[in-house]
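In this note's numbering, the protein residues as written are 4 to 360.
Glycine included, each C-beta is placed from N, C-alpha and C at the ideal position.
As structure tokens, the structure follows; a few thoughts come after it.
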């Protein structure tokens, strides 16, 4: 961003933010009523008016049914959308809410509803208002949870979900700029009290950011780190693609193939870098298992067991007897005859099965 972090976003900068979306048929804007999403709506509407032809914009607000103020905030978003000449829909997350893991469940419900709205509107993309601040907080959360390189890459600018592309055009924009933009335009916005509720992890980490900034770990530095990790992660993904092609070339003609099995020479696999081997296993387990996605820590344990089995059991591996057989995330992983094979695991038998129905 060339604009100062505390200055309103200029029309020129806004044009750059949305330039890649100019040829999209229609876009859905996810707007909750908070400053970030209201700024997204205002900037997108201004950008769209500057085009002779451009995508149709539809504003969607998701009411999670968790706060009594949410309905009023949705009505306010609808009013502002109408002033900007944009159609608006409010979608509600209905049903029983979980007692634990509520933020994650609400996020899943929100994205599901937004994807449904996009399909109905004929939109190719859903735009969310995640900012540089959100990126820094996400990186911190994942660091504390011990995420791998892919997780530490934090949020991507573009991700596909349920046949719709999630787009985060403001990911390199500080929240302070969005607030300054709304103040310059004299546009009001709501403040979600859950953003300050220390019962949740993200608000607790947000409160620590000033202390981290004093030590040099400000939002800009953390977001830059996430970007560098994303760059490294993309490079490892390319290496993993190449390693999978290498293993297929080394495959025997009589090895099991097809969508129901993956198999490769154990020794060729063992010669690959550890991170690449982990990703190959993750991909195979997630593709063939029926209880995924697999947890990184459990795949790390599996890889360690495979390495130990290869080191300790060359004779057993040579005579075809399985020296390792393990299920993980609904996939069956075995080492036998010098090969590693991943297939779908048999379905778990319920207690009713054992009782004869």
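Q. Whose C-beta lies closer than 6 Å to the C-beta of residue 139 among residues of the same chain, with five residues either side of it excluded?
A. The answer, listed in chain order, is 222, 225, 226.
Q.
Taking its Cβ as the centre, do 16 or more other Cβ atoms sit within 10 Å of residue 110, making it buried, or is it exposed?
A. Classification for residue 110: exposed.
**Q.** residue 13, buried or exposed, once every other Cβ within 10 Å from all chains shown has been counted against 16
**A.** exposed
Q.
Would residue 39 and residue 212 be called neighbours here (beta carbons separated by less than 7 Å)?
A. no
Q: Only counting runs of 4 or more residues, tell me where the alpha helix (DSSP H) segments fall wholly within the stretch 187-232, in order along the chain.
A: 204-217
Q.
Is the separation between the beta-carbon of residue 91 and that of residue 27 shorter than 7 Å?
A. No.
Q) Among residues of its own chain, excluding the 5 on either side of residue 275, which ones have a beta-carbon nearer than 7 Å to its beta-carbon? A) 246
Q) Is the CB-CB distance between residue 36 and residue 80 below 7 Å? A) yes
Q: Please list, in chain order, all residues of the same chain as residue 208 whose beta carbon is under 7 Å from its beta carbon, the five residues on each side excluded.
A: Correct list, in chain order: 140, 143, 144.
Q. Can you tell me whether DSSP reads residue 347 as helix, strand or coil?
A. strand
Q) Just how far apart, CA to CA, sit residue 313 and residue 329? A) 15 Å
Q) Taking the C-alpha atoms as reference points, what is the distance between residue 294 and residue 302? A) 14 Å
Q) Which whole runs of the beta strand (DSSP E) in the stretch 64-152 are 3 residues long or more, in chain order? A) 91-95, 128-130
Q: For the beta strand (DSSP E) holding residue 307, just list the boundary residues, first then last.
A: That residue, residue 307, is in no beta strand (DSSP E); its alpha helix (DSSP H) goes 299-315.
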